[in-house]
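**Q** Here it is, the structure, as structure tokens.
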Amino acid sequence: GEKSVNAGPASLIVSVTPILTAILASVFLNEKMKLNGWIGGVISFVGIAFLSLSQGDSIQLNSGGLLILLAAISESLFFVFQRPYLKKYGFLPFTIYTIWSGTVFMLIFLPGIYQEIVTAPIEITLSVIYLGVFPTVLPYIALAYITSHASASEATSSLYLTPVTACIIAWIWLGEVPTFVSIIGGGITILGVVIAHLTFNKDDYKQIESEKVW
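UniProt numbering puts the sequence shown at residues 1 to 214.
This is how it looks when you write it as structure tokens:
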């Protein structure tokens, strides 16, 4: 999908994942997100819209955009329906099972892969390893751990920070100075996440206090 959609609009489409997760969790898991969670989610999505479209890109509903939206829906379904299995198997074993299951389906690309690895520059090989470990395996383990201790909607709301973090890394690592609109969008996104999570923490504190009383 990202071959035909620019990075900004693609990031915006993917950012519907937390909202879709909250809706699906309320339908299938009977998880009820507090009002502040919905408000924070909407605010964060507005911030991401500023952040993603700050370069003047526009969203076009082409086949690439639909594929990215399908990926966001699939990811939301994964976050929602993994919760019962996290309780049964534990977050680490379940994440390992899912990664290896995905690897099995990727075996269709096995023929000729050795030759490709041998002929590929070492920088490309290291980049692929990095993408497999740090942006994929470790985040999914972390999200599985959080989801096993909180609701799916609470856990995935942190994904709103992904575009903000990407802009900061690009600024430090690649020297891409963010525009004024990007900074405003990042601030709005962070504000939305804070609003969504502050009350969650208070509710957890009240629950702990009530358990102490009993």
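C-beta atoms are modelled at their ideal positions from N, C-alpha and C, and glycine is treated no differently.
These numbers come from a predicted model, not from an experiment.
Where does S11 fall in DSSP's three states?
**A** Counted from its first residue, the sequence shown places residue 11 at position 11. S11: helix per DSSP, three-state reduction.
**Q** Specify the secondary structure class of S153 as computed by DSSP and reduced to three states.
**A** Along the sequence shown, one-based indexing puts residue 153 at 153. S153 falls in the helix class under three-state DSSP.
**Q** Out of A71, Y114, F79, state which residue places its alpha-carbon closest to the alpha-carbon of S158.
**A** Counting from one through the sequence shown, the residue named residue 158 turns up at place 158. Nearest option by C-alpha distance: F79.
**Q** How about residue 216 and F91: do their beta carbons lie closer than 9 Å?
**A** Because the chain in this structure spans residues 1 to 214, residue 216 falls outside the shown range and cannot be described.
**Q** Following the continuous alpha helix (DSSP H) through G132, name the residue where it begins and the one where it ends.
**A** Numbered from 1 along the sequence shown, position 132 holds the residue referred to as residue 132. It spans 122-132 - the alpha helix (DSSP H) in which G132 sits, taken as one unbroken run.
**Q** In chain order, what residues of the same chain lie with their CB nearer than 7 Å to the CB of G175, ignoring the 5 residues before and after it?
**A** Position 175 of the sequence shown, counting from 1, holds the residue named residue 175. For G175, where only same-chain residues beyond five positions count, there are no Cβ hits under 7 Å.
**Q** Just reading off the alpha helix (DSSP H) that L69 is part of, what are its end residues?
**A** As a working mapping, residue 69 is identified with position 69 in the sequence shown. 63-81 is the span of the alpha helix (DSSP H), which, as asked, contains L69.
**Q** Hey, quick one: how far does the alpha helix (DSSP H) through I172 stretch, first residue to last?
**A** For the purposes of this step, residue 172 is taken as the residue at position 172 of the sequence shown. No alpha helix (DSSP H) holds I172; DSSP gives it neither H nor E.
**Q** If contact is defined by three or more beta carbon pairs under 8 Å, each pair taking one atom from either stretch, is the region 30-37 in contact with the region 160-176?
**A** Flag = no, the region 160-176 and the region 30-37 do not touch.
**Q** Go ahead and label V14 buried or exposed: buried means 16 or more other beta carbons lie within 10 angstroms of its beta carbon, across all protein chains shown.
**A** The residue labelled residue 14 in the question sits at position 14 within the sequence shown. That one is buried.
**Q** What is the DSSP secondary structure of P111, reduced to helix, strand or coil?
**A** Along the sequence shown, one-based indexing puts residue 111 at 111. Three-state result, P111: coil.
**Q** Are G136 and T147 closer than 9 Å when you measure CB to CB?
**A** The sequence position of residue 136 within the sequence shown is 136, counting from 1. The sequence position of residue 147 within the sequence shown is 147, counting from 1. For the sequence presented, residue 136 should be read as Thr rather than Gly. No, the pair does not count as a contact, with Cβ atoms beyond the cut-off.
**Q** Going by C-alpha distance, which of I43, L86, I108, L29 is nearest L161?
**A** As a working note, residue 161 is residue 161 in the sequence shown. If we check each option's Cα against that of L161, I43 comes out closest.
**Q** So, does the region 179-195 touch the region 44-51, judging by three or more C-beta pairs under 8 Å?
**A** Yes: at least three Cβ pairs fall under 8 Å.
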